[in-house]
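Worksheet: one structure, shown below.
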Amino acid sequence: MFVAKVLFVCAAVVLVSGYPQVFGGPRQLSESEIEEATNRLQSSLTKLAAGEGPTYRISKVLSASTQVVSGSLDKYNVELIDSNDDKKVCNVEIWNRSWLPNGIEVTFDCPNEKKVIKNHSA
Ligand SMILES: *[C@@H]1O[C@H](CO)[C@@H](O)[C@H](O)[C@H]1NC(C)=O
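Okay, here's the thing in structure tokens:
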């Protein structure tokens, strides 16, 4: 009986403390985490611009979340500056599966444009 109780408590603790990892829900990032996430976005944009594009610069990251999936998934609501110096607010996702070749997948979802999906190496 005691063992059953201990097991139950352990399971409850795992469930509560492990919630974001186990269920993989998105988590909004704090200000300092947004800074790191912005650096990740910047290095992705730099890689894409050096390759087949698109060419974007970051004007301002409005919000960001991260999620544990198969790999990790960063989602950004970000004001971007395109190659014509036009600003637009887009939803950008970076799916990091660093164990795959070209395992970083970047999706741009900008107003009045088709989604653009690009891959680059980790
Ligand atoms: C992808 O995830 C790996 C493992 O967590 C990490 O080492 C690497 O820096 C990440 N790459 C990018 C571009 O976020």
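Quick note, the sequence shown lines up with residues -18 to -1, 1 to 104 if you use mature numbering (1 follows the signal peptide of the UniProt record, and there is no 0).
For glycine and all other residues, C-beta sits at the position ideal for the given N, C-alpha and C.
Whether residue i touches residue j by CB criterion (9 angstroms)
i     : j     : result
Leu55 : Ile40 : no
Ile86 : Lys29 : yes
Ser65 : Tyr38 : yes
Gly6  : Val74 : no
Leu44 : Asn59 : yes
Ser47 : Arg79 : no
With 16 other Cβ atoms within 10 Å as the buried cut-off, status of residue i
i      : result
Val71  : exposed
Ala32  : exposed
Trp77  : buried
Lys96  : exposed
Ala104 : exposed
Lys57  : buried
Leu82  : exposed
Ser52  : exposed
Any C-beta of chain B under 9 angstroms from that of residue i
i     : result
Tyr58 : Judged by its chain identifiers, the structure shown contains no chain B, having just a single protein chain.
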